[in-house]
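Q: Residue numbers (full-length UniProt numbering): 1 to 95. For glycine and all other residues, C-beta sits at the position ideal for the given N, C-alpha and C. My structure is below; once you've seen it, I'll send some questions.
Structure below.
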């Protein structure tokens with residue numbers, strides 16, 4: 001399948017913060033952060049030149065998570081002794 005066809009089927013991009021357990025890397029929860037504008041998100045998590053749309057996964061630090069938490073209704077329990085937090089981007093496609 002060509003990438004043009006795949007892009008044609010892309011309906012939207014969704015971003016979540018995935019929470020993983022430190023002890024075994026198991027995914028514990030996903031928190032949708034689509035209510036945060038992309039402009040605000042890039043101020044909190046500055047994109048590198050090679051990934052300007054933040055499509056890659058990014059491990060978040062305490063400062064970034066506190067700022068993200070201030071902008072969402074569904075607050076994230078920040079427990080760095082038990083978990084680590086990754087900004088994840090995924091596409092929703094119309095097949």
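What's the gap between the Cα of residue 17 and the Cα of residue 40?
A: Within the chain shown, the letter at position 17 stands for residue 17. Within the chain shown, the letter at position 40 stands for residue 40. Those two C-alpha atoms are separated by around 15 Å.
Q: For the UniProt domain "DUF7683" (14-86), list the beta strand (DSSP E) runs that are entirely contained and at least 3 residues long, ordered along the chain.
A: Entirely contained in the UniProt domain "DUF7683" (14-86), the beta strand (DSSP E) runs reaching 3 residues are, in chain order, 27-32.
Q: Taking the alpha carbon of residue 57 as the point to measure from, which residue in 24, 23, 84 has its own alpha carbon closest?
A: Residue numbering aside, residue 57 sits at position 57 when the chain shown is read from its first letter. Comparing Cα positions, the closest option is 84.
Q: Would you check if the distance between the CB atom of residue 91 and the CB atom of residue 10 is smaller than 7 Å?
A: If you number the chain shown from 1, residue 91 lands on position 91. If you number the chain shown from 1, residue 10 lands on position 10. In this structure, residue 10 lies closer than 7 Å to residue 91 by Cβ.
Q: Going by DSSP, which residues form a beta bridge with residue 10?
A: Numbered from 1 along the chain shown, position 10 holds the residue referred to as residue 10. Partner(s): 93.
Q: Alpha carbon to alpha carbon, what distance is there between residue 5 and residue 62?
A: Here residue 62 refers to the residue found at position 62 when the chain shown is read from its first residue. Here residue 5 refers to the residue found at position 5 when the chain shown is read from its first residue. Spanning the two alpha carbons is a distance of roughly 39 Å.
Q: Using alpha carbons as the reference points, say which of 74, 24, 78 lies closest to residue 64.
A: Counting from 1 along the chain shown, the entry for residue 64 is found at position 64. Of the listed residues, the one whose Cα sits closest to residue 64 is 78.
Q: Could you tell me the alpha carbon to alpha carbon distance between residue 35 and residue 72, rounded to whole angstroms?
A: Taking the chain shown and counting its residues from 1, the one referred to as residue 35 is at position 35. Taking the chain shown and counting its residues from 1, the one referred to as residue 72 is at position 72. Each residue's alpha carbon lies about 7 Å from the other.
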